[in-house]
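In my numbering, the protein residues as written are 824 to 1482.
C-beta atoms are modelled at their ideal positions from N, C-alpha and C, and glycine is treated no differently.
Keep in mind the model is a prediction, meaning the values are calculated, not measured.
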Amino acid sequence: MTDSDVELEARLVEQETFEPPESFIDQANISDPDIYDEFENNWPECWERAAEFLDWEEDYSEVLDASDEPYYEWFSDGTLNASYNCIDRHIETGRKNQTAIKWEGEHGSTRSYTYQELYREVNEFAAGLRSLGVEADDVVTLYMPMIPELPIAMLACARIGAPHSVVFAGFSAKALATRMNAAGSAHLITADGYYRRGEPLDHFGKAQDGLADVEHTVEATVVVDRLETNSFGHDLDDNQHDWDTIINTHQGARVDPVSRNAEDMLFLMYTSGTTGKPKGVKHTTGGYLAYTAWTSHAVLDLEPGDTYWCSADIGWITGHSYIVYGPLAVGTTTVMYEGAPDYPERDRLWELVEKYAVDVFYTAPTAVRAFMKWGKSHPGSHDLSSLRLLGTVGEPINPRAWKWYYTNIGNESCPIVDTWWQTETGGMMISTLPGIGEMKPGSAGPPLPGVDASVIDTDGEQISPGQAGYLTVEKPWPGMLRTLYQNDERFIDEYWREYSDPDAGDWTYFPEDGAKLDEDGYITILGRVDDVINVSGHRLGTMEIESAIVSTQGVAEAAVVGGNHEIKGEAVYAYVITEDGYNGDAELRESIIEGVEDAIGPIARPEQVRFTEELPKTRSGKIMRRLLEEIANGEEIGDTTTLRNPEIVDEIEAKVSSD
Ligand code: WTA
């Protein structure tokens, strides 16, 4: 480090608050702080402001219908179509030649779609879906890598009113089958493969294995030929079709956007929860699209003509809301990249920021920590001056990583929005507004205008500043999940039971995150308080991983916790009891890891597998994961008085330290 670096670092370490630069404020979509009062004093009508970002076919007469809490409905007698709102209307307003999607393959091949070209292919694929028998309200599963056909398929589904259920391409065959079975989905769109760190991956092979476990008849599968080589030599059955053939057969086809009620389902997204079974989060058309468009405008500061890049995968909610629906609804250019951030070199992302002159960049803290480790010479060798705003999402960002991002990517002239939200919330809920709020590294900021989030103690009382408590949301918002697919009971249990008082007509949403509040109303998220862990910004259920481990031959019982990890944020630590007659050896460890990859995918791969004779349990037999977490993190062990077998804690600890 040079002297000036040392000085800069020393100054930044001490600096606790940062003001948005004047140059940003001058051009910001929102820069008047009165917006907070305007929303608060005019709630729920304030949400019309979000609905105004959309073109409605039939206007709605009521903003919020709260007659059947907590089954809130938004703009509920309005009708619209999401595909029309993301494509057609931009063409009608003279922007047909503006780029909608810019795609870059890992090997440097590129594709670009203007809004007109997107319109054409979405229409052709929508016609193709219909020809395969897809009707409005049929759930179509998309198991696809980061290629343009993924957003095209999503928008084609939206066009004909068929909800999509996107399954992350990194998930295993079994995970695909579980989700298709849960949704009763009879149509699958997938791809032959994709590239990851230079290697072609056999994705269709995985999809086929998944299809073999689907319990109902799958009527049709469409396969994109991404690798263009048929490297893996798969043949297609009669009900399996090649994407290009479908498109060519429907060349020039036009499909009128199907009129959808605001409360009709737009998509399902399966996410991890406390039990082993993923939850099918249901999002609807009007509220979700209005909310993602509004937050794209207010928080990401997007407008037509901007080039915007969110480096997440569309297989997660971040990609749905902020690669596809929000950015396209507001008519921006959205960038998609297929591959790994360090391929072929560790400057790949910065090369792309420079090449496409990206204005706004949104990523996960785990990526920022990796960039930091790789060193600043990588961004330093590129011209990043096109950037005007940076964002993070998915997990807490530590102040050091925040400051590194601010200095080395943003050149101290871009605000950073640290956005807290969830699959269930549909869009951002807590963040500074980049043209208004002072930034405090490590703290997401105040709730967005109109969002009524607070931090409370176990009795439901507001905590005092500086203390830790539970994050709750007291009022509904348009982007909220409507229910868990075909499981209203679990919807109530998971999100509403804890802090609501139905008899008093009081409904409070509980996101299962811990949080802290400061004197200025800024919220610092402390992480999940349920059995969900966050590995590299990916949400995983410990129960799902445990059930994969216990189905490995030779395993009797397992407990999984998240241990701190320098880059990933959290990593999977598994504590395993073997069956009599099996040794906890390297071979068993290997088959446990394979079992997890098989059941979920490589992202859930345990960082460590430790064999133990017992697990710390309470007298009622509940595993005390907190203690295992403390052991994993080498922290001081807390209270063990409620344990049935307190001696086991020392035993596990001793084993760990002797390894
Ligand atoms: C965590 C991702 C701290 C949180 C959009 C939440 C965050 C879970 C932040 C949802 C943030 C998300 N700061 N923690 N800015 N954003 N989280 O459903 O624990 O994949 O409950 O949605 O990620 O993860 P999900």
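- The shortest C-alpha to C-alpha distance from A889 to any of F898, P968 and V945 is the one to F898.
- The stretch 1447 to 1456 and the stretch 1385 to 1392 touch, with three or more beta-carbon pairs separated by less than 8 Å.
- Distances between the C-beta of A992 and the heavy atoms of ligand 1 are all 6 Å or more.
- The alpha-carbon of I1140 is positioned some 9 Å away from that of T1094.
- Restricting attention to L999, T1375 and F991, the CA atom closest to the CA of G1138 is found in F991.
- Fewer than three Cβ pairs drawn from the stretch 1122 to 1132 and the stretch 1219 to 1228 lie within less than 8 Å of each other, which leaves the two stretches out of contact.
- Taking each of D911, T1068 and A996 in turn and checking the Cα distance to L955, the smallest one comes out for T1068.
- Proximity to T1186 across N1406, G1142 and K1178 peaks at G1142, based on C-alpha coordinates.
- For G1302, the shortest C-beta to heavy atom distance toward ligand 1 is 6 Å or greater.
- Selection V1358, I924, E944 and L1011 evaluated against V962 yields L1011 as nearest (Cα-Cα).
- When the beta-carbon positions are compared, V1240 and G1217 stay at least 7 Å from each other.
- Only residues of its own chain outside the window of five on either side were considered, and among them D900 have a CB closer than 6 Å to the CB of S884, listed in chain order.
- Short note on P1219: C-beta closer than 6 Å to some heavy atom of ligand 1.
- Given a length threshold of 3 residues, each whole run of the beta strand (DSSP E) inside the stretch 1030 to 1109 is given here in chain order: 1043 to 1047, 1063 to 1065, 1088 to 1094 and 1102 to 1107.
- The shortest CA-to-CA distance from G1377 to any of E1312, I1356 and R1412 is the one to R1412.
- Burial is judged here by how many other beta carbons sit within 10 angstroms of a residue's own beta carbon; Q1063 has at least 16 and is buried.
- In the same chain as G1424, and ignoring 5 residues on each side of it, the C-beta atoms closer than 8 Å to its own belong to F991, G993, F994, S995 and A998, in chain order.
- Less than 7 Å separates the beta-carbon of V945 from that of A979.
- Judged by the Cβ position, A1327 fails to qualify as a neighbour of ligand 1 at the 6 Å threshold, every heavy atom of the ligand being at least this far.
- Here the stretch 1041 to 1055 makes contact with the stretch 967 to 985; the two share three or more CB pairs at distances below 8 Å.
- In the displayed model, K919 falls within coil according to three-state DSSP, outside both helix and strand.
- Here P893 carries a coil assignment [DSSP, helix/strand/coil].
- Taken in chain order, the complete beta strand (DSSP E) segments of 3 or more residues contained in the stretch 955 to 997 are 963 to 966 and 987 to 989.
- In the three-state DSSP reduction, P1150 falls in the helix class (H, G or I).
- Here the distance from the Cβ of W1225 to the nearest heavy atom of ligand 1 is not below 6 Å.
- Spanning the alpha carbons of R982 and T902 requires a straight line of approximately 13 Å.
- Its Cα nearest to that of E1317, the residue L1307 stands out among A1116, D1136 and L1307.
- Taken through DSSP and simplified to helix, strand or coil, P1270 comes out as strand.
- In terms of Cα proximity to N1053, the closest of G1021, Y1017 and D1079 is Y1017.
- According to DSSP, residue pairing for N1387 in a beta bridge involves E1393.
- CA-CA distance, W1066 to F862, rounds to 46 Å.
- At least one heavy atom of ligand 1 lies closer than 6 Å to the C-beta of R1351.
- A contact is defined here as three or more CB-CB pairs under 8 Å, and the stretch 1429 to 1436 meets this definition with respect to the stretch 1392 to 1410.
- With a threshold of 6 Å, the Cβ atom of W1243 counts as near ligand 1, since some heavy atom of the ligand is closer than that.
- Within the DSSP bridge table, the entry for D1353 names no partner.
- The shortest CA-to-CA distance from P1429 to any of A1371, R1448 and A1477 is the one to A1371.
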